[in-house]
Amino acid sequence: MTKRLSPYRLGATLYMPATRSDIAKSVLSNEIEGLRSIVICLEDAVSEADVPAAMDNLKQILAALRSAKAEGQGAEWPLVFIRPRHTEMGQYLTTSLDLSPVDGLVLPKFTLASLPQWWEIMKDTHLCMMPTLETEDVFDVMQMRELATTLVRHPCHDRIIVLRIGGNDLMNVISLRRPRNLTLYDSPMGYVIKMLVAVFGSRDFALTSPVCEHIDDHDVMERELALDIAHGLVGKTAIHPNQIAKIERALMVTPADHADALRILNSSQAVFKSQGAMCEPATHRRWAARILEQALVYGIAQESPQEGVRLVTLTNQH
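Mapping to the UniProt record's numbering: the sequence shown position 206 is 206, numbers consecutive.
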């Protein structure tokens with residue numbers, strides 16, 4: 001069985017249409033600073049007419065990555081995933097192409113009904129899974145609870161890195177688009193994210209946040225990132241390299257949280273005060289373990305008391 005990758009290794013996951021000619025170069029040269037994971041998209045980012053060209057380009061990308069790996073490269077590459085268009089394309093990818101340089105597949109429009117098909121496609125491969133929750137079913141808490149309880153005991157469980165929340169597709173279901181000056185949490189997606197965290201997070205699944213498509217409005221994205229972190233989301237989809245640094249900074253752990261986490265995990269007291277707040281190891285231990293895992297990957301952000309600016313201090317990046 002393939003070992004599940006840590007969800008904290010994803011960071012800002014950059015989606016790139018499979019028609020782009022610079023994907024292999026982006027992976028091989030690590031030219032996009034801070035990039036931890038990419039998704040080569042054959043679904044929404046590629047029109048139906050461009051699918052043949054996208055598939056041809058994908059074959060060239062895979063050949064370039066295989067060749068580089070054969071020469072001993074790959075240790076510092078970002079994680080590479082492919083998002084097929086549907087199960088038929090997923091079947092083609094796993095049976096007709098050599099996906100040895102690829103870490104996993106993003107499963108579009110994932111539902112309880114499609115789980116058997118996707119598992120049949122994935123079970124005999126080395127690939128990890130990132131199912132995307134983006135269909136009408138997602139608005140129904142009962143259906144999400146049924147999906148969550150099924151996934152917990154399904155053989156695919158250890159292959160699932162995270163569940164991705166497909167914000168734009170979910171907004172499309174209810175004929176809405178993200179407001180320009182508001183975060184997703186100010187829209188009906190606020191309810192959806194809270195519900196998914198409650199249903200899946202309580203069963204120890206990690207979730208990632210939808211993309212912020214307002215590429216140039218970093219104020220909205222920063223407000224949204226703060227709420228992502230408050231809801232326990234472990235990463236965020238990016239559609240432009242200029243979003244990566246913002247997402248990485250948001251995923252850094254504050255000194256106060258890091259200090260509390262250490263005290264909680266090392267204390268023999270049932271309850272104690274730390275930095276003006278109550279710490280209760282019996283109820284805060286899981287949070288503390290997550291904070292330390294996150295800090296190992298993204299580091300600790302130090303705040304300048306003079307300027308209120310978060311300065312980067314990396315501890316141990318992977």
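Note that beta-carbon positions come from the ideal geometry of N, C-alpha and C, so glycine has one too.
- request: Would you kindly report the start and end of the unbroken alpha helix (DSSP H) that includes Y92?
  value: T87 to S96
Whole-angstrom distance between L115 and R290, CA atom to CA atom: Their Cα atoms are separated by approximately 28 Å.
query: Taking the DSSP output, what are the residues bridged to M252?
result: Per DSSP, none; premise fails for M252.
- prompt: How would you call F110, buried or exposed, if buried means at least 16 neighbouring beta carbons within 10 angstroms?
  reply: Burial is judged here by how many other beta carbons sit within 10 angstroms of a residue's own beta carbon; F110 has at least 16 and is buried.
- prompt: Buried or exposed: A261, going by 16 or more other Cβ atoms within 10 Å of its Cβ?
  reply: Looking at its Cβ environment, which holds 16 or more other Cβ atoms inside 10 Å, A261 is buried.
message: Quick check on DSSP: helix, strand or coil for S37?
response: strand
query: Using CA coordinates, which residue listed in P7, E224, I23 and K123 is at the minimum distance from S187?
result: E224
Length of the line joining the Cα atoms of V211 and G11: 13 Å
query: What three-state label does DSSP hand K109 in the structure shown?
result: Correct three-state label for K109: coil.
task: Return the bridge partner residues of Y15 from the DSSP annotation.
output: V39
field: Local Cβ density within 10 Å of G179, reported as buried at 16 or more and exposed below that
entry: Checking the sequence, you will find Pro at residue 179 rather than Gly. With fewer than 16 other Cβ atoms within 10 Å, it is exposed.
Segment contact flag, the segment 76–92 with the segment 35–43, C-beta cutoff 8 Å, min 3 pairs: yes
- prompt: Would you say the segment 282–289 touches the segment 234–243, given that touching needs at least three Cβ pairs under 8 Å?
  reply: no
- request: Report the rounded CA-to-CA distance for R310 versus S274, giving the unit in angstroms.
  value: Since pLDDT at R310 reaches only 46, below the 50 mark, its modelled position is unreliable, and no value is offered.
query: So the beta strand (DSSP E) residue 326 belongs to, where does it begin and stop?
result: Residue numbering for the chain in the displayed model covers 1 to 318; residue 326 lies beyond these limits and cannot be assessed.
task: Starting from A288, trace the beta strand (DSSP E) both ways and give me its first and last residue.
output: Here A288 belongs to no beta strand (DSSP E); instead the alpha helix (DSSP H) covers P281 to Y298.
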